[in-house]
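Number of protein chains: 2
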Amino acid sequence: MNFNQMLLQKQSIVNKRLNELLDISGIPEVLHNSIKYSVEAGGKRIRPILTISITEALDGNILDALDFGCAIELIHTYSLIHDDLPAMDNDDFRRGKPTNHKVFGEAIAILAGDALLNFAIEILSQKAINNNNLNYIKAINEIFKASGARGMIAGQTIDITSENRILSLDELYKMHSLKTGAIIEASCTVAAYISGREDRLEEIKQFSQHLGIAFQIVDDILDFVGDEKKLGKTVGKDLKSNKATFVTILGLDEAKMKAQEHTKKAIEIANGLDKTGFLSKLTEYLLVREN
Amino acid sequence: MNFNQMLLQKQSIVNKRLNELLDISGIPEVLHNSIKYSVEAGGKRIRPILTISITEALDGNILDALDFGCAIELIHTYSLIHDDLPAMDNDDFRRGKPTNHKVFGEAIAILAGDALLNFAIEILSQKAINNNNLNYIKAINEIFKASGARGMIAGQTIDITSENRILSLDELYKMHSLKTGAIIEASCTVAAYISGREDRLEEIKQFSQHLGIAFQIVDDILDFVGDEKKLGKTVGKDLKSNKATFVTILGLDEAKMKAQEHTKKAIEIANGLDKTGFLSKLTEYLLVREN
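Chains as they are written, first to last, in the working numbering: chain D, 2 to 292; chain B, 2 to 292.
Pasting the structure below:
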């Protein structure tokens, strides 16, 4: 199998498991539909694929990694639903489809986000009960530290409170390291806990930090030059809203160079982590992606 | 000490611990202020007091129970912030103060709610790591099943999607057993897990279900006849919005009788659970409260 086939296979495994996890009774129909709408809207499933790939490389339990990765994807999905709300970024489209509140209304969109965050902890605490493994609790703690008021939510707070004010490059790094970086880092580090390989934590952190920055710079470049159809969302939005991005601060060429630099550093570490080469190819793919 | 002094003492212990738990660095100032604003707005702290009182009665670890109770109070607070939002119940006042979004804006209010839910998991997973006790994970799982899409969030979904439609008495019971009952039940049942006394689970569930229903009926009665100043929120809101309540369906006298019946049943069980008498007095107090 070549890289693209492996990526598609992993995405399909993640999608299948997400469907299974959401296929439960006892949820009011409109709420259930709203939750499934956003989870099934797709996305690259980068976070769960990072979790399972690194766990595989460390000889950990892949099925457990899959559930941890899926829970992280649910947290990621909740954050997108809430970020898209009129009071926040006020986005009408996401992944080529109307945003959750456009279809289900704001109240249900808020509740669907809340429910996804809740659901992630339900899944993971059940996993920890089934395994009775202290490392799994450590992994859970990592995830929710990353998604909380000192992680992802701090990043989103800085983002929305700094509109109409130009962030410095350092502030921009900090904002993104919180808003998207922290949860990408957790997607990677939980693999070390699941596999009982805390000795690899530092290395994995370094990898994920370079990957996270490169990922965000590429996002900013795509917002500047990307193809609206391939992206599935409005481009040029950052520019119009006068938001600082890596492109507006560094210029397009310098931003591309920075993305390449961080990708290169991430790949060097990935080669040491994963002898199959999948992780480094994934890192390369995230640099050249078109959405 | 009489009951009122004991209640005040327990409330003060809970408030002190909530302050300690929230006194952390690394949260953006406006988000931190918004979180503290709603947590410090007060409330009776019934949920954590239930957790610590029942744990005390079962000879469990009170300090751990305190943190579990405080985490539940943070979940309760997040649910109030989100429920008050314009897209939901659109409330301007809560506990005599402007609601969170009135002070901090909708975006920060949404994020503060998200952060509180996250924070509850951070606290509890850290507790579980410190203790490495499977029962603590079971307690965590109970809490988030209660607050999730098949519990509290299901109740809120039924509530907001049934406005302008009159619920039957059975539907009203179901809605409240989810919206407020599930998390009250969890406040009580976690005490059994913390104390390693799962043999008392069934009894505690019975107690909490009667208490939860009585609590909700009294809420509806207070909305109908209560003193706005003592309640700290607008009264008569249910009537104006044409919402089904225990008073509109049963009438005031029948509603009072039902509240007394459930209180009586809860007290009978409380007497068996807690020989100090505090739990039964707390149950009685919730019937005659004015806010």
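Note that the Cβ used here is the ideal one computed from N, Cα and C, for glycine as well.
Just so we're clear, the structure is a prediction, and the values are computed from it rather than from any experiment.
**Q.** Interface residues of the region 185-210 of chain B facing chain D [CB-CB below 7 Å]
**A.** Per Cβ criterion, the list is empty.
Q: Determine which residues of the region 101-119 of chain B have a Cβ less than 9 Å from any Cβ of chain D, and write them out in chain order.
A: Per Cβ criterion, the list reads His102, Gly106, Glu107, Ala108, Ile109, Ala110, Ile111, Leu112, Ala113, Gly114, Asp115, Ala116, Leu117, Leu118, Asn119.
Q.
Can you confirm whether serine 148 of chain B, when its beta carbon is compared against all beta carbons of chain D, has any partner nearer than 8 Å?
A. Against the second sequence, residue 148 of chain B aligns to sequence position 147. Closer than 8 Å to some Cβ of chain D, the Cβ of serine 148 of chain B qualifies, so yes.
Q: Measure the C-alpha to C-alpha separation of serine 163 of chain B and isoleucine 250 of chain D and round it to an integer number of angstroms.
A: Working through the second sequence from its first residue, we reach residue 163 of chain B at position 162. Working through the first sequence from its first residue, we reach residue 250 of chain D at position 249. Their backbone Cα atoms lie some 49 Å apart in a straight line.
Q | Partners in chain D for histidine 83 of chain B, counting only beta-carbon separations shorter than 7 Å | A | Residue numbering aside, residue 83 of chain B sits at position 82 when the second sequence is read from its first letter. Under the 7 Å cutoff, chain D gives Ile111, Asp115.
Q | Selected residue, minimal CA-CA separation from tyrosine 79 of chain B, among B:Ala121, B:Ala58, B:Ser54 | A | Along the second sequence, one-based indexing puts residue 79 of chain B at 78. Cα-wise, what sits closest to tyrosine 79 of chain B is B:Ala121.
Q.
Can you check which of these residues, B:Ile214, B:Ser188, B:Glu199, is closest to methionine 176 of chain B by C-alpha distance?
A. For the purposes of this step, residue 176 of chain B is taken as residue 175 along the second sequence, with counting starting at 1. Comparing Cα-Cα distances from methionine 176 of chain B to each of B:Ile214, B:Ser188, B:Glu199, the minimum goes to B:Ile214.
Q) Counting contacts by CB-CB distance shorter than 8 Å, is threonine 69 of chain B in contact with chain D? A) Here residue 69 of chain B corresponds to residue number 68 of the second sequence, with the count starting at 1. Going by the sequence as given, residue 69 of chain B is phenylalanine instead of threonine. No, its Cβ sits nowhere closer than 8 Å to a Cβ of chain D.
Q: With 8 Å as the threshold, decide whether the Cβ of threonine 162 of chain D is near any Cβ in chain B.
A: Taking the first residue of the first sequence as position 1, residue 162 of chain D is located at position 161. Yes, contact with chain B.
Q. When the distance is taken between beta carbons, is phenylalanine 216 of chain B closer than 8 Å to isoleucine 270 of chain B?
A. Translated into the one-based positions of the second sequence, residue 270 of chain B becomes position 269. Translated into the one-based positions of the second sequence, residue 216 of chain B becomes position 215. Result no, Cβ atoms of isoleucine 270 of chain B and phenylalanine 216 of chain B do not sit closer than 8 Å.
Q. What residue does the alpha helix (DSSP H) around serine 74 of chain D start on, and which one ends it?
A. On the first sequence, residue 74 of chain D is found 73 positions in, with the first residue counted as 1. Serine is not the amino acid found at residue 74 of chain D; the sequence shown has glutamate there. For glutamate 74 of chain D, the enclosing alpha helix (DSSP H) covers residues 63-85.
Q: Indicate whether isoleucine 124 of chain D and alanine 72 of chain D have their beta-carbon atoms separated by less than 8 Å.
A: Start at 1 with the first residue of the first sequence, and residue 124 of chain D comes out as number 123. Start at 1 with the first residue of the first sequence, and residue 72 of chain D comes out as number 71. Contact flag set, yes.
Q.
Using 8 Å for Cβ pairs, my map puts glutamate 204 of chain D next to glycine 273 of chain D. What's the rounded Cβ distance?
A. For this step, residue 204 of chain D is matched to residue 203 along the first sequence. For this step, residue 273 of chain D is matched to residue 272 along the first sequence. Contact holds; Cβ gap of about 7 Å.
Q) Applying the criterion that 16 or more other CB atoms from any shown protein chain within 10 Å of the CB defines a buried residue, is leucine 118 of chain B buried or exposed? A) Within the second sequence, numbered from 1, the residue matching residue 118 of chain B stands at position 117. Per the 10 Å Cβ criterion, buried.
Q) Once you ignore the five residues that flank valine 40 of chain D on each side, which residues in its own chain have a CB closer than 8 Å to its CB? A) Mapped onto the first sequence, residue 40 of chain D falls at position 39. Leu19, Leu23, Glu74, Leu75, Thr78, Leu117, listed in sequence order.
**Q.** Option in D:Glu172, D:Phe94, D:Ile184, D:Leu9 with minimal Cα separation from tyrosine 38 of chain D
**A.** Taking the first residue of the first sequence as 1, we reach residue 38 of chain D at position 37. Cα-wise, what sits closest to tyrosine 38 of chain D is D:Phe94.
Q) alpha helix (DSSP H) containing asparagine 101 of chain B: first to last residue? A) Translated into the one-based positions of the second sequence, residue 101 of chain B becomes position 100. From DSSP, the alpha helix (DSSP H) with asparagine 101 of chain B extends over 101-105.
Q) At least one CB of chain B closer than 8 Å to the CB of isoleucine 154 of chain D: is that the case? A) The residue you call residue 154 of chain D lines up with position 153 of the first sequence. Cβ-Cβ to chain B under 8 Å: yes for isoleucine 154 of chain D.
Q) Nearest-angstrom Cα distance between asparagine 62 of chain D and isoleucine 195 of chain D? A) Locating residue 62 of chain D in the first sequence gives position 61, counting from the first residue. Locating residue 195 of chain D in the first sequence gives position 194, counting from the first residue. Put simply, the backbone Cα of asparagine 62 of chain D is about 7 Å away from that of isoleucine 195 of chain D.
Q | Secondary structure of arginine 290 of chain D, DSSP reduced to three states | A | Against the first sequence, residue 290 of chain D aligns to sequence position 289. Secondary structure of arginine 290 of chain D (DSSP, three-state): coil.
(Q) Tell me whether glutamate 41 of chain D, by its Cβ, gets closer than 7 Å to a heavy atom of the ligand GDP. (A) What this structure holds is no ligand at all, so the ligand GDP is not there to describe.
Q | Identity of the residues DSSP links to arginine 95 of chain D by a beta bridge | A | Sequence index remark: in the first sequence, residue 95 of chain D carries index 94 (1-based). Bridge partners of arginine 95 of chain D: D:Lys98.
Q) Of the choices B:Gly227, B:Lys265, B:Thr264, whose alpha-carbon is the least far from that of glutamate 291 of chain B? A) Taking the second sequence and counting its residues from 1, the one referred to as residue 291 of chain B is at position 290. Looking at the Cα atoms, B:Gly227 is the closest of the given residues.
Q | Cβ contact (3+ pairs, closer than 8 Å) linking the region 81-98 of chain B and the region 137-150 of chain B | A | Result no; under three Cβ-Cβ pairs closer than 8 Å.
Q: Please name the residue in B:Ile50, B:Ser178, B:Glu143, B:Asn34 whose C-alpha comes closest to that of histidine 102 of chain B.
A: In the second sequence, counting from the first residue as 1, residue 102 of chain B sits at position 101. The candidate whose alpha carbon is nearest that of histidine 102 of chain B is B:Asn34.
Q: Output, in chain order, the set of chain B residues within a Cβ distance shorter than 8 Å of glycine 44 of chain D.
A: Here the question's residue 44 of chain D lines up with position 43 in the first sequence. Within chain B, no residue comes near glycine 44 of chain D; the closest Cβ sits about 20 Å away, beyond 8 Å.
(Q) Taking the straight line between their C-alpha atoms, what separation do you get for alanine 256 of chain D and lysine 276 of chain D? (A) For the purposes of this step, residue 256 of chain D is taken as residue 255 along the first sequence, with counting starting at 1. For the purposes of this step, residue 276 of chain D is taken as residue 275 along the first sequence, with counting starting at 1. Alanine 256 of chain D and lysine 276 of chain D: Cα-Cα distance of roughly 30 Å.
Q | Rounded C-alpha distance that separates threonine 56 of chain D from leucine 283 of chain D | A | Within the first sequence, residue 56 of chain D is the residue found at index 55, counting from 1. Within the first sequence, residue 283 of chain D is the residue found at index 282, counting from 1. The alpha-carbon separation between threonine 56 of chain D and leucine 283 of chain D amounts to approximately 15 Å.
Q.
Determine, for phenylalanine 145 of chain D, whether the minimum Cβ-Cβ distance to residues of chain B falls below 8 Å.
A. Numbered from its first residue, the first sequence carries residue 145 of chain D at position 144. In terms of beta-carbon proximity, phenylalanine 145 of chain D lines the interface with chain B, with at least one pair separated by less than 8 Å.
Q | When D:Asn142, D:Asp85, D:Arg46 are compared against isoleucine 111 of chain D, the one with the closest alpha-carbon | A | Reading the first sequence from its first residue, position 110 is the one you call residue 111 of chain D. Here the closest residue by C-alpha is D:Asp85.
Q.
So that I know if they touch, is there some Cβ in chain B lying closer than 8 Å to that of proline 49 of chain D?
A. Position 48 of the first sequence, counted from the start, is the residue given in the question as residue 49 of chain D. No, no contact with chain B.
Q) Are there 16 or more other CB atoms within 10 angstroms of the CB of lysine 139 of chain D, so buried, or fewer, so exposed? A) Taking the first sequence and counting its residues from 1, the one referred to as residue 139 of chain D is at position 138. By the 16-neighbour rule on beta-carbons within 10 angstroms, lysine 139 of chain D is buried.
Q: Give, in chain order, every residue of the region 125-136 of chain D whose Cβ lies closer than 7 Å to some Cβ of chain B.
A: Here the close residues are Ser126, Gln127, Ala129, Ile130, Asn133, Leu135.
Q: Indicate whether phenylalanine 145 of chain B and serine 126 of chain D have their beta-carbon atoms separated by less than 8 Å.
A: Counting from 1 along the second sequence, the entry for residue 145 of chain B is found at position 144. Counting from 1 along the first sequence, the entry for residue 126 of chain D is found at position 125. A contact, by the Cβ cut-off of 8 Å.
Q. Can you name the residues of chain B whose CB is closer than 8 Å to the CB of asparagine 243 of chain D?
A. Within the first sequence, the letter at position 242 stands for residue 243 of chain D. Neighbours of asparagine 243 of chain D on chain B: none; closest Cβ ~17 Å, over 8 Å.
Q. Out of B:Ile218, B:Asp160, B:Pro29, B:Asp65, which has the shortest C-alpha to C-alpha gap to asparagine 131 of chain B?
A. To locate residue 131 of chain B, count along the second sequence from 1; it is residue 130. Selected option, being the one with the closest Cα: B:Asp65.
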